[in-house]
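Engineer: Dropping the structure in here first, questions after.
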Amino acid sequence: MKLFKKGLLLVAIPGLFELALLAVLYKSQENATQAESWALHTKDVIIQAAEVRDPVLLQSARLRSAIILNDTTGLDRNDLWDSIDKEVGELHDIVVDNPEQVQRVAQIRKAVAEYKAWTEEQVELLKAGQRDKLVESFRNPSAIWLIQVIQRQLVEFIRVEEKLDNIRLERVAEARRLQNIALVIALIGSVLAAALAAKIFSKDVGGRLAVLTGNARRLSSGGELAGAVGGNDEITELDRVLHETSKRLKEADERARAYREELERHARELVLVNDDLQRQTQDNEMFIYSVSHDLRSPLVNLQGFSKELHHSIREMHDTISGSNLNDKDKQRIHDVIEEDVEVSLRFIRTAVSRSASIIDSMLRLSRVGRVEYQSQLTDVNEVVRRVIDAMSSTIRERQAVVMSQPLPPCYGDPTAVEQIFGNLIGNAINYLDPLRAGTVEVGVLPSDPGQPDFRTYFVKDNGLGIPADHLGKMFSAFNRLHADVAKGEGVGLALIKRIVMRHGGKIWVESTEGVGTTFYTSLPVQPAGHSENQAVQGEKTHD
Amino acid sequence: MTDNQEVGILLVEDDDGHALLVEKNLRRAGLANGFLRLKDGQEALDYFFGDDGAPTKPGFDSIVVLLDVNMPRVGGVDVLKRLKESEVTANIPIIMLTTTDDPREIERCYDYGCNLYITKPVEYEAFIEAVRRLGFFLQIIKVPTAGRNST
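Following this line, the structure appears as structure tokens:
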């Protein structure tokens, strides 16, 4: 049932009650009115009865006066009898509904007729002048009796009517009383009915609205909803919607949690994989370290004993020179020593030196992964200045120009940062194109809002450049592009890539062969895991 | 600086080649008197300590130990530790010889009380120079009170 209907009922129930009581009231009112009209009717009847008596008495008086005056002139007139007839007829008419009274009226009529007959008889006597007879008949008590009969009958009639009147008045009073009672009952009843209806309505609607409000509140705070509200109206509908919403929310929550768990699982897996990779990298570095370390030991022997051989050969040479062999043999032995043995030894020593320097590079490379960094806010301007100072002679030699923009500080190990810039600037200078004036520019890219913790520095040159197919191998160890231009084992970039990665940064290169090369490296500007506001502070420090 | 006070040199080295090279160069530098070579750390411990763990002699006044770091069984660092732990042997000058120049390992050896740390250079000239410096060093530290604190 809709709320509108309920509201309507709220108004209609006491209304109906009042209507019913109104009907009762109306009925009792009608009864009272009817009783009143009956009472009035009775009064009319009594008056009418009196109306009958008057002409009878008048006729009697006329007769007597005629007798006394002996004048019959007035007796011929029939007006009084007509009047009596008329009045009796009217009396009959108004009591026609009461058979008892009708019968009485008939008796009255009969008595009047008898009296008329008697009166006419007396008039005849008077006209005939028989006064004696007249007096005698007057003395006859039956003559008086006739009038008395009429009068008595009228009195009786009136008495009956009065009795009726009393009864009817009582009825009127009773009806009035009932009417009052009905009025009071109607009043109280309608008030009670209205109160009852309002109470039922408020208990039904109010109670359910409270449940609904509670549900809405719980929904907003994410709690468990109470059971469904009964009924079949807008509140029930709204409650149903709330329950559905709650269900949807729970499902969404469930899904979100599933996603979150999935993400967390992936994150954990990634951490594990990352740990594993780190361990593998460490293992590899450890392996490289121990292999290169172990290789050093035999190299010491190779180098040492080749030198020993050299000493022995020199001794042999001196011994032969001092011996008494003929000159031809001496020359022959000297040639073998100088051209074969010494040359062979020189090749061995060169190979050993080369191996040793490769092993040294490997050791350095493996040590990058194990050395402990003392990270701090490092003034990159200062670092770059030191690097340029250290290379000033080479720069002058190559007639190159090295420019540096003002650079923001980075957060890293000062030695490691110097290694990075030393290597990049050194490479830029070493691989300049001798055919044109060399320029090297050190700068920084605008800060990237997506990576507030990092700044990207660059070292740009107009040197030889790197062929496109070689760009991918730039950061691999022992991979040298311009081996003829500068000395080295080709571990510099591999080394600084490892350093940059250990600082959490990245390094990459863009180059066009014959035009120039730009190396980019992103480095942290603040300790890892710092929050946003510290990021802002970090920005401020190098503003 | 008299001949009878010449330092006895104990070389603990598992690599025969290295041992021979060290000996040859010490000889060439005139420092080979009283030279003894042991093949690993265990032999060195057996030389200094008896079965009961007590020192075999009341003192090792005129001895210098050249100790290789990487050896099988008992490594040079362990020998160094044991020698510096015992009161009798604590004052023996010890020179660590190794192929590594890892600063952490060097620091570790100095922490344990080694007197000198020499990286075995592959460059032979440099190695000879190192051994010469070693010899010079050995001649300086002949004083009996020489020990950790003297370096």
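Chains A and B, in that order, are what the protein sequence lines are. Oh and the first sequence: position 75 is 75 in the numbering used here, straight run, nothing missing. Add 1000 to the 1-based position in the second sequence for the numbering used here, that's all there is to it. Quick reminder that beta carbons are idealized off the backbone N, C-alpha and C, glycines included.
Determine the chain A residues that contact B:K1084 at a beta-carbon separation under 9 Å, and present them in chain order.
Structural biologist: Neighbours of B:K1084 on chain A: none; closest Cβ ~25 Å, over 9 Å.
Engineer: Please classify A:S292: does DSSP put it in a helix, a strand, or coil?
Structural biologist: helix
Engineer: Exposed or buried, A:H266, counting other C-beta atoms within 10 Å across all chains shown (16 or more means buried)?
Structural biologist: exposed
Engineer: Beta-carbon within less than 7 Å of A:G189's beta-carbon, same chain only, minus the 5 sequence neighbours each way: which residues are those?
Structural biologist: F17 and L21
Engineer: Do you know whose CA, among A:S60, A:L435 and A:L238, lies nearest A:T119's CA?
Structural biologist: A:S60
Engineer: Note the first and the last residue of the continuous alpha helix (DSSP H) segment covering A:V88.
Structural biologist: DSSP places A:V88 in the uninterrupted alpha helix (DSSP H) bounded by D79 to I94.
Engineer: Roughly how far, in whole angstroms, is the beta-carbon of A:A111 from the beta-carbon of A:L146, given that I think they are within contact range, below 8 Å?
Structural biologist: 7 Å
Engineer: Would you mind sorting A:P409 into buried or exposed? The rule is 16 or more other CB atoms within 10 Å of its CB.
Structural biologist: buried
Engineer: At a Cβ threshold of 8 Å, is A:S297 touching chain B?
Structural biologist: yes
Engineer: List, in order along the chain, the chain B residues whose C-beta lies closer than 8 Å to that of A:V368?
Structural biologist: Per Cβ cutoff of 8 Å: no residues; A:V368 is ~12 Å from chain B at best.
Engineer: Within this structure, are the beta carbons of A:P414 and A:T456 separated by less than 8 Å?
Structural biologist: no
Engineer: Comparing the C-beta of B:K1017 with each C-beta of chain A, is any distance below 8 Å?
Structural biologist: In the sequence under discussion, the amino acid at residue 1017 of chain B is Gly, which differs from the Lys named in the question. Yes, its Cβ sits closer than 8 Å to a Cβ of chain A.
Engineer: Quick one: list the residues of chain B neighbouring A:E308, beta-carbon separation under 8 Å, in chain order.
Structural biologist: L1021 and K1024
Engineer: Hey, out of A:G369, A:I313, A:I359 and A:M362, whose CA is closest to A:R346's CA?
Structural biologist: Relative to A:R346, the option among A:G369, A:I313, A:I359 and A:M362 whose CA is nearest is A:I313.
Engineer: Strictly under 8 Å for the Cβ-Cβ distance: is A:F305 near chain B by that measure?
Structural biologist: Yes, its Cβ sits closer than 8 Å to a Cβ of chain B.
Engineer: Skipping 5 residues on each side, what residues in its chain have a beta carbon closer than 8 Å to that of A:A528?
Structural biologist: D453 and G504
Engineer: Does the count of Cβ pairs from the stretch 1036-1056 of chain B and the stretch 1094-1106 of chain B closer than 8 Å reach three?
Structural biologist: Verdict: no, contact absent.
Engineer: Which ranges does the beta strand (DSSP E) cover as unbroken runs of at least 3 residues, wholly within the stretch 5-88 of chain A, from first to last along the chain?
Structural biologist: none
Engineer: Using the beta-carbon count (16 or more within 10 Å), is A:I359 buried or exposed?
Structural biologist: Its Cβ being crowded by 16 or more others within 10 Å, A:I359 is buried.
Engineer: Counting only beta-carbon separations shorter than 8 Å, does B:K1120 have a partner in chain A?
Structural biologist: It does: the Cβ of B:K1120 has a partner Cβ on chain A nearer than 8 Å.
Engineer: Taking only the alpha-carbon atoms, compute the straight-line gap between A:L270 and A:K250 and give it to the nearest angstrom.
Structural biologist: 29 Å
Engineer: Does the beta-carbon of A:Q101 have 16 or more other beta-carbons within 10 angstroms, so that it is buried, or is it exposed?
Structural biologist: buried
Engineer: My output table needs one value for A:G230: the three-state DSSP class, helix, strand or coil.
Structural biologist: coil
Engineer: Find the nearest neighbour of A:V205 within the set A:E90, A:F4 and A:V352, judged by alpha-carbon distance.
Structural biologist: A:F4
Engineer: First and last residue of the alpha helix (DSSP H) that includes A:Y115?
Structural biologist: P99 to K127
Engineer: Look up B:P1093 in the DSSP assignment and say whether it is helix, strand or coil.
Structural biologist: Assignment of B:P1093 by DSSP, reduced to helix, strand and coil, places it in the coil class.
Engineer: Taking the alpha-carbon of A:G230 as reference, which of A:E121, A:I337 and A:A210 has the nearest alpha-carbon?
Structural biologist: A:A210
Engineer: Within 10 angstroms of its Cβ, does A:Y411 collect 16 or more other Cβ (buried), or is it exposed?
Structural biologist: buried
Engineer: Between B:N1004 and chain A, is the shortest Cβ-Cβ distance under 8 Å, so that the two count as touching?
Structural biologist: Low confidence applies here, because B:N1004 scores a pLDDT of 40, under 50, leaving its location unreliable and the question unanswered by this model.
Engineer: Going by DSSP, which residues form a beta bridge with A:Q376?
Structural biologist: A:G412
Engineer: A:Q546: buried (16+ other C-beta within 10 angstroms of its C-beta) or exposed?
Structural biologist: The structure shown does not extend to residue 546 of chain A, since chain A spans only 1 to 543, so no value can be given for it.
Engineer: Taking one C-beta from the stretch 313-322 of chain A and one from the stretch 380-392 of chain A each time, how about it: are there three or more such pairs within less than 8 Å?
Structural biologist: no
Engineer: In whole angstroms, give me the CA-to-CA distance for A:K497 and A:R296.
Structural biologist: When the Cα atoms are used, A:K497 and A:R296 turn out to be separated by approximately 25 Å.
Engineer: If we cut at 8 Å on Cβ distances, does B:D1102 have a partner in chain A?
Structural biologist: Yes - at least one Cβ of chain A is within 8 Å of the one on B:D1102.
Engineer: Below 8 Å on C-beta distance, what does A:H544 contact in chain B?
Structural biologist: Here chain A covers residues 1 to 543 and nothing more, so residue 544 of chain A does not appear.
Engineer: Could you check how far apart the C-beta atoms of B:I1092 and B:L1067 are, in whole angstroms? I think they sit under 8 Å.
Structural biologist: That belief does not hold up - the Cβ atoms of B:I1092 and B:L1067 are roughly 10 Å apart, past 8 Å.
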